[in-house]
Amino acid sequence: MLYEETYEARENRRRSSQSSSQLSITFITIAFIDLVLTGYIITVFDGDTFHSFALTFISFTWTFFFMLYIFITPSWLPAFYHYWTHLGLEITAFALWISDFSLLCWETMLGDGTLGVYSTGLDPTLAASAARPIVKVAVDCGKAADVLSCLNWILFGTTLILFVRRERALRQQQHGQRVEHEYWVGY
526 MLYEETYEAR ENRRRSSQSS SQLSITFITI AFIDLVLTGY IITVFDGDTF HSFALTFISF
586 TWTFFFMLYI FITPSWLPAF YHYWTHLGLE ITAFALWISD FSLLCWETML GDGTLGVYST
646 GLDPTLAASA ARPIVKVAVD CGKAADVLSC LNWILFGTTL ILFVRRERAL RQQQHGQRVE
706 HEYWVGY
């Protein structure tokens with residue numbers, strides 16, 4: 526026999542699963558700044574040598590629509606909110622940000638190393654190009670984008686763990702089992 530949730534139990538789960546608007550704004554702001562930094566890098570390098578902008582754009586778009594879903598559906602469209610959908614979207618966001626972080630690290634390491642090789646003077650035009658201050662600023666923007674991608678990855682990992690723990694506690698309460706800890710509701 527399948528367990529059927531009562532309206533009150535469903536409402537408690539819905540309310541406890543929604544994130545705060547401040548956290549949603551924080552996620553979107555970090556993702557947008559990361560997108561702007563990688564966009565700046567792609568304009569400096571003319572898009573030929575920097576491939577992680579596409580993944581950053583996908584990660585930003587996913588984060589934006591995921592936070593929109595989490596912010597709107599529990600409050601205004603509760604019929605469209607489902608905790609399994611939330612879990613799947615959260616896991617996907619986590620995977621996208623760890624992929625974005627690793628690709629940005631690789632691109633920044635590659636760009637920093639290439640900058641060092643070019644500045645040694647293998648070719649006078651490459652050495653002159655690498656000596657431009659804008660190139661150094663672009664590599665530094667890549668490092669800043671790395672930090673922001675890592676921060677978003679850690680934040681999504683933290684919220685994923687909190688979400689899973691909270692869901693487990695709610696299931697134990699609904700099935701009449703004893704819950705040893707009172708988990709923090711809302712993140």
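If you read the sequence shown in the working numbering, its first letter stands for residue 526, the second for the next number, and so on.
Cβ atoms here follow ideal geometry from the backbone N, Cα and C, with glycine treated the same way.
Ignore the nearest five residues each way along the sequence and tell me which others in residue i's own chain have a CB closer than 6 Å to its CB.
{"i": "ILE623", "result": "TRP678"}
{"i": "ILE566", "result": "PHE575, ALA663, CYS666, GLY667"}
{"i": "CYS630", "result": "ASP671"}
{"i": "PHE552", "result": "THR588, MET592"}
{"i": "LEU562", "result": "CYS666, ALA669, ALA670"}
{"i": "THR633", "result": "GLY667, LYS668, ASP671"}
{"i": "GLN547", "result": "none"}
Check whether the Cβ of residue i lies closer than 7 Å to any heavy atom of the ligand HEM, and answer yes or no.
{"i": "THR683", "result": "As for the ligand HEM, it is missing from this structure, which has no ligand bound."}
Are residue i and residue j closer than 8 Å when you measure CB to CB?
{"i": "LEU695", "j": "ASP559", "result": "no"}
{"i": "ASP625", "j": "SER577", "result": "yes"}
{"i": "SER584", "j": "LEU635", "result": "no"}
{"i": "GLU615", "j": "THR684", "result": "yes"}
{"i": "HIS611", "j": "PHE688", "result": "yes"}
{"i": "GLY682", "j": "PHE619", "result": "yes"}
Tell me the DSSP secondary structure of residue i in three-state form.
{"i": "HIS611", "result": "helix"}
{"i": "TYR565", "result": "helix"}
{"i": "TYR594", "result": "helix"}
{"i": "LEU602", "result": "coil"}
Can you list, in chain order, the residues of its chain whose CB lies under 7 Å from that of residue i, leaving out five sequence neighbours each side?
{"i": "ILE659", "result": "VAL569"}
In the DSSP assignment, find the unbroken alpha helix (DSSP H) run with residue i in it and report its ends.
{"i": "ASP740", "result": "The shown model of the chain, from 526 to 712, leaves out residue 740, and the question about it has no answer."}
Given residue i, which residues of its chain have a CB within under 8 Å of its CB, disregarding the five upstream and five downstream residues?
{"i": "LEU580", "result": "LEU621, SER624, ASP625, LEU628"}
Are the stretch 590-610 and the stretch 663-678 in contact at 8 Å, needing three or more beta carbon pairs?
no
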